[in-house]
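For the record, the sequence lines run as chains A and B. Using our numbering, read the first sequence as starting at 1 and increasing by one per residue. Using our numbering, read the second sequence as starting at 1 and increasing by one per residue. Data first, discussion second: the structure below is written as structure tokens.
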Amino acid sequence: MVTLPKAATGITGLDEITGGGLPRGRATLVCGAAGSGKTILATEFLVRGASELDEHGVFMTFEESIEDLTADVASLGFDLTALIAQKKIVIDYVRVNRHEIEETGEYDLEGLFIRLDHAIKSVKAKRVVLDTIEALFAGFSNLGILRVELTRLFRWLKDRGVTAVITGERGEGTLTRHGLEEYVSDAVILLDHRVDDQVSTRRLRIVKYRGSSHGSDEYPFLIGRNGLSVLPITSLGLQHEASLDRVSTGLEALDAMLGGKGFYRGSSILISGPAGTGKSSLAAHFVDAACRRGERGVYFLFEESPGQCIRNMRSIGIDLAPWIKNGLLHVRAARPALLGLEQHLVAMHREIEEVGPAVVVVDPINDLTSAGAANAVKATLLRLVDHLKTRHITALFSSLTSGDAHEQTTDTNISSLMDTWILLRGFEKNGQRHRGLYVLKSRGMPHSDDICPYRITGHGVQLHPRSPRTLRGGAR
Amino acid sequence: MKPVARKGAEQWNLRLYVAGQTPKCISAFANLKKLCEERLGGNYSIEIIDLLKKPQLASGDQILAIPTLVRRLPPPLKKIIGDLSDTERVLVGLDLVPKGPGGAKS
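Here it is as structure tokens:
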């Protein structure tokens, strides 16, 4: 079978779900409502092509001036001005205004072809963006001429062998308001920007890709400081190397329960339990130990302010302040609902990129649930976990379980993403509250089956193992 | 409404964008020439720009349709597209007759 040649977009995730990119030498229609990210996708396709894949590009903009477009995408890290100066990209701003134009007989749109041709030749372009050609419908009243010329235009583009992205505004019950999908038939990508429960989520779907298999799901995507990234649910993330290196939990007794050596480096750990069982305290021990080893850490706090967290931890004898002062520990507090899940993930990624930590704590993940639907949260976490794993960052997530619910149901059902799962529980006995900790699972290592009683003291969490040598044998 | 006719020897500066010698372009030029002779006396100049030869000039006047006539002087700038066969609309476009029904002839 002949495989269709494809042009990589360079956009994170998009090339994965399209099996290598957009159809080479053909036109792809990108449609969506205003503000759904069409222009950004189109721009990134050109910018990545010009700066990374040695394929120069023409951007024909019908809506924004060159200055506006350049300014808009600068915040995504795209320097159009530089690429124009290097003759890798050329922008032509086509302004159409019906009120300025009197139609007096037969005409065609040869001027548009001449401009496009001139632009393509001037930078030897292999990629073309038309954003959005629909503006022509507002500029010319003779629909008959327009339709003939659009048909001619798309055939012309194909003859040139350029890979094109055509944007179109979503219509009522149709993909585009003016039926562009009738002209561009090779591939259609639909962008969607929805607000559920006051939380914004962007999604991308490949409606059509002639001659190629493609993912047919709706994929959440982000617009971050480095452009667009599509989050494929079934990720490539399973290719990361599994480290044999171990890191301490910060508590000797807990290390002992985990095969005597603690967590695997680059693994993901879930600590779940009801309120007041010391999830944050265990997390603090973990980052404290990392900083003592001279490693960097990022602590994402979703319920407390950094000041509150430091004070509380100091009360149990863990002083995080010096690590913050010397730059090893970065504490970031935010309420996810405030930002929206999508923005939130972007912010976390950014922080991780900037700090380059060895350990990360997310405390607690429940607050992400309030920021989006369960599926979206799982996808978000999966992406985050994958991202951390590929960077060999050991990540600890805390999860609050409600007192009466079974401890093993975590709201987000994310336990399958986790390598190690530690459960905390509280119970009453003889008029006193007791706490117990056990390792529900820990992939790839022998671990203790005990429910280990522990206390939270002025000197941190203290475990009281009854039979420290009882280990469950055999690595899975 | 603009005045029906212009007085004095106002200088008209017109530019006709074409793409080669197509029938539409040739008839546009013929129609324009005739109209100018009849209406503007000797007070006009027509510059013909063939975009096949000078494609870089298309963006300056925002040319998409061919042929396009641009009235550069007198201001304001006006654009008229098509082969100029609809004389009535050309006159409206050039502000030589007021817009609207009944304003066709002077």
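Just so you know, even glycine gets a beta-carbon here, dropped at the ideal spot from N, CA and C.
The ligand SAM and residue i: does any heavy atom of the ligand fall closer than 8 Å to the residue's C-beta?
i: residue 24 of chain A; result: Ligands are entirely absent from the displayed structure, and the ligand SAM is therefore not among its contents.
Give a yes or no on whether the C-beta atoms belonging to residue i and residue j are separated by under 9 Å.
i: residue 388 of chain A; j: residue 379 of chain A; result: no
i: residue 335 of chain A; j: residue 347 of chain A; result: no
i: residue 189 of chain A; j: residue 205 of chain A; result: yes
i: residue 127 of chain A; j: residue 62 of chain A; result: no
i: residue 261 of chain A; j: residue 131 of chain A; result: no
i: residue 75 of chain B; j: residue 17 of chain B; result: no
i: residue 400 of chain A; j: residue 272 of chain A; result: yes
i: residue 187 of chain A; j: residue 250 of chain A; result: no
i: residue 73 of chain B; j: residue 63 of chain B; result: no
i: residue 477 of chain A; j: residue 94 of chain A; result: Outside the shown range of chain A, which is 1 to 476, sits residue 477 of chain A, and nothing can be said about it.
i: residue 362 of chain A; j: residue 398 of chain A; result: yes
i: residue 11 of chain A; j: residue 216 of chain A; result: no
i: residue 419 of chain A; j: residue 315 of chain A; result: no
i: residue 218 of chain A; j: residue 168 of chain A; result: no
Using 9 Å as the limit for Cβ to Cβ distance, is residue i near chain B?
i: residue 111 of chain A; result: yes
i: residue 297 of chain A; result: no
i: residue 8 of chain A; result: no
i: residue 115 of chain A; result: yes
i: residue 183 of chain A; result: no
i: residue 57 of chain A; result: no
i: residue 236 of chain A; result: For residue 236 of chain A, the predicted structure reports a pLDDT of 48, less than 50, and the residue's modelled location is therefore unreliable. A value from the coordinates is still provided. So no, residue 236 of chain A is outside the interface.
i: residue 139 of chain A; result: yes
i: residue 108 of chain A; result: yes
i: residue 387 of chain A; result: no
When you compare the CB of residue i with every CB in chain A, is at least one pair closer than 9 Å?
i: residue 44 of chain B; result: no
i: residue 21 of chain B; result: no
i: residue 39 of chain B; result: no
i: residue 72 of chain B; result: no
i: residue 30 of chain B; result: no
i: residue 81 of chain B; result: yes
i: residue 56 of chain B; result: yes
i: residue 33 of chain B; result: no
i: residue 89 of chain B; result: yes
i: residue 16 of chain B; result: no
i: residue 75 of chain B; result: no
i: residue 48 of chain B; result: no
i: residue 52 of chain B; result: yes
Exposed or buried, what is residue i when buried is set at 16 or more other beta-carbons lying within 10 Å of its beta-carbon?
i: residue 178 of chain A; result: buried
i: residue 3 of chain A; result: exposed
i: residue 427 of chain A; result: exposed
i: residue 55 of chain A; result: buried
i: residue 319 of chain A; result: exposed
i: residue 10 of chain B; result: exposed
i: residue 110 of chain A; result: buried
i: residue 344 of chain A; result: buried
i: residue 244 of chain A; result: exposed
i: residue 159 of chain A; result: exposed
i: residue 34 of chain A; result: exposed
Taking DSSP's pairing of strands, which residues face residue i in a bridge?
i: residue 94 of chain A; result: Residue 94 of chain A is not bridged to any residue.
i: residue 208 of chain A; result: A:188
i: residue 221 of chain A; result: A:202, A:230
i: residue 60 of chain A; result: A:92, A:130
i: residue 38 of chain A; result: DSSP, once it has assigned bridges, lists no residue as partnering residue 38 of chain A.
i: residue 256 of chain A; result: Note: residue 256 of chain A sits in no beta bridge, so no partner.
i: residue 23 of chain A; result: A:6
i: residue 453 of chain A; result: A:436
i: residue 301 of chain A; result: A:333, A:363
i: residue 118 of chain A; result: Note: residue 118 of chain A sits in no beta bridge, so no partner.
If you draw a straight line from the C-alpha of residue i to the C-alpha of residue j, how long is it?
i: residue 393 of chain A; j: residue 276 of chain A; result: 27 Å
i: residue 445 of chain A; j: residue 15 of chain A; result: 36 Å
i: residue 18 of chain A; j: residue 42 of chain A; result: 16 Å
i: residue 146 of chain A; j: residue 174 of chain A; result: 19 Å
i: residue 30 of chain A; j: residue 77 of chain A; result: 22 Å
i: residue 61 of chain B; j: residue 83 of chain A; result: 25 Å
i: residue 466 of chain A; j: residue 256 of chain A; result: 12 Å
i: residue 151 of chain A; j: residue 102 of chain A; result: 24 Å
i: residue 108 of chain A; j: residue 349 of chain A; result: 50 Å
i: residue 41 of chain B; j: residue 53 of chain A; result: 59 Å
i: residue 121 of chain A; j: residue 60 of chain A; result: 14 Å
i: residue 443 of chain A; j: residue 20 of chain A; result: 33 Å
i: residue 141 of chain A; j: residue 59 of chain B; result: 21 Å
i: residue 14 of chain B; j: residue 213 of chain A; result: 55 Å
i: residue 71 of chain B; j: residue 207 of chain A; result: 46 Å
i: residue 382 of chain A; j: residue 58 of chain A; result: 36 Å
i: residue 28 of chain B; j: residue 91 of chain A; result: 31 Å
i: residue 93 of chain B; j: residue 78 of chain B; result: 7 Å
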